[in-house]
Amino acid sequence: MQSLDVQKRSATTTTPPSVRHAAEPVAKLIDISKCIGCKACQVACMQWNDLRDDIGTNVGVYDNPVDLTDQSWTVMRFAEVQRADGNLDWLIRKDGCMHCEDPGCLKACPAPGAIVKYANGIVDFVSENCIGCGYCIAGCPFNIPRISKRDNKAYKCTLCSDRVAVGLEPACVKTCPTGALMFGAKEDMVARGQKRVNDLKERGFQKAALYDPKGVGGTHVMYVLQHGDTPELYSGLPSDPKISPWVSLWKGVTKPLLSIGLGLAVLGAFFHYVTRGPKEVEKGDKA
Amino acid sequence: MSQVVIKSGEVPRYSAAERTNHWIVAILFILLAASGLAFFHPAFYFLSWLLGGGVWARILHPFLGVLMFLFFLFMVMRYWQDNIIQPYDREWRKRLRDVINNRDENLPEIDKYNIGQKQLFWTMVVTMALLLVSGIMLWRPYFAGFFPIPLIRIAAVVHMLAAFVLMLGIVVHIYSAIFWVRGSLRAMTRGTVTHAWAKHHHPLWYRRVTGAK
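As given, the protein sequences belong to chains A and B, one line each in that order.
Using our numbering, read the first sequence as starting at 2 and increasing by one per residue.
Using our numbering, read the second sequence as starting at 1238 and increasing by one per residue.
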């Protein structure tokens, strides 16, 4: 995929390839108020990415499969919520990778180049570099990556980086029959999302909002939420997602500091030897 | 106990079984430190090739870790009594500056281990236990799935810090045993030390095992 510039590369301390000028941040906009829960996006994702999940079991609700897997990179989550006025809301959220501007998975990943963030904002797993440690799962604030039992590598939505690289929209967006999924420049998607939020407000959804959480630097997958003040209603969408402080402690300044500490200990021992010398009980004692 | 042929001028310190046990732990430690550092910072990623690359390092690291813990347990059972800190150890500790500057004259008499060795022993007991528990929480694909993600994050930090403390301790251990305190390494390679070494560094132990006055 070297037609795209790389903005961030996992476990890499030098500048990734970045000479191209054209990259414009992209985004997918998911308008939950327009989603009818048909799951065409799930099917399109399977079809384009050559994935076939195991046949599951009906658990009494529409969710099927019930969770993301290495074969299901997007799933519809159906939540039945009773409103204050007694009416029922059926909130259907297309779950999957949010493509964070500041990706926790990439921060946690120890394998050089196993996770990259392209200059257009897409966060992609490069499976051939993945070592299967699962650190991305610990790093992700949205609980998205899944490790395959077949090859022990992590998988998730690629935002169809292969299609986007050649100027196509993601497969899910292409197939959506109601226009609930849109794709384009992030700037344009924010504008469209805001417009839609204003529409919803006029129609009585006073708390409608665009979900583009700042805690992770914004995301390249955004939601239009009817109830923007309570994202948790949408099958536990976090209201203020951010990279856990534990992950920051694990993968932040501690990495260089402890590395230097270890180096200093070895140097300290060496210079102790040089300045103080060995303890010899008898002259010429060997180790 | 194995038969030890004691040449005149030698004091037995570690049996063949003890030496074997120690070196199994030592070799496992080297492999674990190398692969662990590879996961810790990209500057050390090349060390993963010691175990056959990143994927093999990820696969083998936890198994080697459990092995190291088991063999270390044998060492704990062998040595814990010798590592109980005594009043004379504290006196010895007060003169650490002299020890570091190789002014060993008139140090308080100590037994088989000095307080530095004893503190290293207990540090290893604590860090090895922390590494085992946190390591199991991080172990994919077998065990990590049973633990909630927030707990796994904490386990990762604990694993990193415990490993760091352990590695610092081992740096001191290797330096002291091989380079600094001459005549020590042979205790772990050939099993014996000289009378002079034993008398100088561990007088109480020397009198206890040799019956010398």
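Note that CB positions come from ideal geometry on N, CA and C, so glycine has one too.
Less than 7 Å between C-beta atoms, sequence neighbours within five positions excluded: which residues of the same chain meet that for residue i?
i: B:F1322; result: First, the residue type needs correcting, since residue 1322 of chain B is Ile and not Phe in the sequence shown. I1352 and K1355, listed in sequence order.
i: A:S260; result: none
i: B:Q1240; result: Only weak support exists for where B:Q1240 lies, its pLDDT of 46 falling under 50; the value from the coordinates is given anyway. Closer than 7 Å at Cβ, skipping near neighbours: no residue.
i: B:V1262; result: M1305, F1308, F1309 and M1312
i: A:K202; result: A209
i: B:P1345; result: Y1325, E1328 and W1329
i: A:E233; result: S240
For residue i, I'd like the list of residues in its chain whose CB is within less than 6 Å of its CB, leaving aside the five on either flank, ordered along the chain.
i: A:D292; result: This structure cannot settle anything about residue 292 of chain A, because the visible part of chain A is limited to 2 through 288.
i: A:T179; result: K35 and I37
i: A:K40; result: M77
i: B:A1435; result: V1248 and Y1443
i: A:P17; result: V7 and R10
With a Cβ-Cβ cutoff of 9 Å, do residue i and residue j count as a contact?
i: A:C98; j: A:F143; result: yes
i: A:A120; j: A:Q8; result: yes
i: A:P1; j: B:W1417; result: Chain A is shown only over 2 to 288; residue 1 of chain A falls outside these bounds and no answer can be derived.
i: B:D1348; j: B:D1341; result: no
i: B:L1375; j: B:A1393; result: yes
i: A:D241; j: A:P214; result: yes
i: B:V1363; j: B:A1399; result: yes
i: A:A166; j: A:S4; result: yes
i: B:M1365; j: A:L263; result: no
i: B:Y1412; j: B:F1358; result: no
i: A:V27; j: A:H221; result: yes
i: B:R1250; j: B:V1430; result: yes
i: A:K196; j: A:G122; result: no
For residue i, which of helix, strand or coil comes out of DSSP?
i: A:W91; result: strand
i: B:F1380; result: coil
i: A:V225; result: strand
i: A:I56; result: coil
i: A:D200; result: helix
i: A:D152; result: coil
i: A:V167; result: coil
i: A:D96; result: strand
i: B:V1241; result: Below a pLDDT of 50, predicted positions are generally treated as unreliable, and B:V1241, at 49, falls in that range; the measurement from the model is reported next regardless. The answer is coil: DSSP assigns B:V1241 none of H, G, I, E or B.
i: B:V1248; result: strand
i: A:S4; result: coil
i: B:L1310; result: helix
i: A:A85; result: coil
i: A:L211; result: strand
i: A:C46; result: helix
i: A:Y119; result: strand
i: A:K280; result: strand
i: A:F143; result: coil
i: A:C173; result: helix
i: A:A41; result: helix
i: A:V20; result: coil
i: A:V62; result: coil
i: B:R1340; result: coil
So, for residue i: in the same chain, excluding its five sequence neighbours on each side, which residues have a beta-carbon less than 8 Å away from its beta-carbon?
i: A:S236; result: R78, F79, A80, L92, R94 and D96
i: B:L1471; result: This structure cannot settle anything about residue 1471 of chain B, because the visible part of chain B is limited to 1238 through 1450.
i: A:P111; result: S11, A12, I132, C134 and Y136
i: A:V248; result: G105, K108, A109, A139 and G140
Could you give the first and the last residue of the continuous beta strand (DSSP E) run that contains residue i?
i: A:G185; result: L182 to A186
i: B:D1326; result: From DSSP, B:D1326 is part of no beta strand (DSSP E) but of the alpha helix (DSSP H) over P1324 to K1331.
i: A:K29; result: V27 to D32
i: A:F126; result: V124 to F126
i: A:T361; result: This structure cannot settle anything about residue 361 of chain A, because the visible part of chain A is limited to 2 through 288.
i: B:T1429; result: T1429 to T1431
Contact criterion: CB-CB distance below 9 Å. Does residue i meet it with respect to chain E?
i: A:P17; result: Of the protein chains in the structure, A and B, none is chain E.
Assuming residue i contacts residue j under a Cβ cut-off of 8 Å, what Cβ separation, rounded to an integer in Å, is found between them?
i: A:C141; j: A:G105; result: 5 Å
i: A:K150; j: A:C131; result: At roughly 14 Å, the Cβ-Cβ gap does not stay under 8 Å, so A:K150 and A:C131 are not in contact.
i: B:G1302; j: B:G1372; result: 5 Å
i: A:K157; j: A:R147; result: 7 Å
i: B:A1275; j: B:L1284; result: 5 Å
i: A:Y224; j: A:I33; result: 6 Å
i: A:S73; j: A:Q48; result: About 13 Å; that fails the 8 Å criterion.
i: B:V1402; j: B:T1360; result: 6 Å
i: B:G1246; j: B:H1432; result: 6 Å
i: B:G1420; j: A:V282; result: 6 Å
i: A:V174; j: A:L182; result: 4 Å
i: A:H100; j: A:V127; result: Wrong, their Cβ atoms sit about 15 Å apart, outside the cutoff.
For residue i, report the span of its alpha helix (DSSP H) as first-last.
i: A:D71; result: Per DSSP, A:D71 belongs to no alpha helix (DSSP H) and is neither H nor E.
i: A:Y136; result: Y136 to G140
i: B:Q1356; result: I1352 to L1375
i: A:K256; result: T255 to R277
i: A:L250; result: P246 to K252
i: A:T13; result: A:T13 -> no alpha helix (DSSP H), and no H or E assigned at all.
i: A:K108; result: G105 to A109
i: B:R1444; result: P1440 to T1447
i: B:E1255; result: A1253 to F1277
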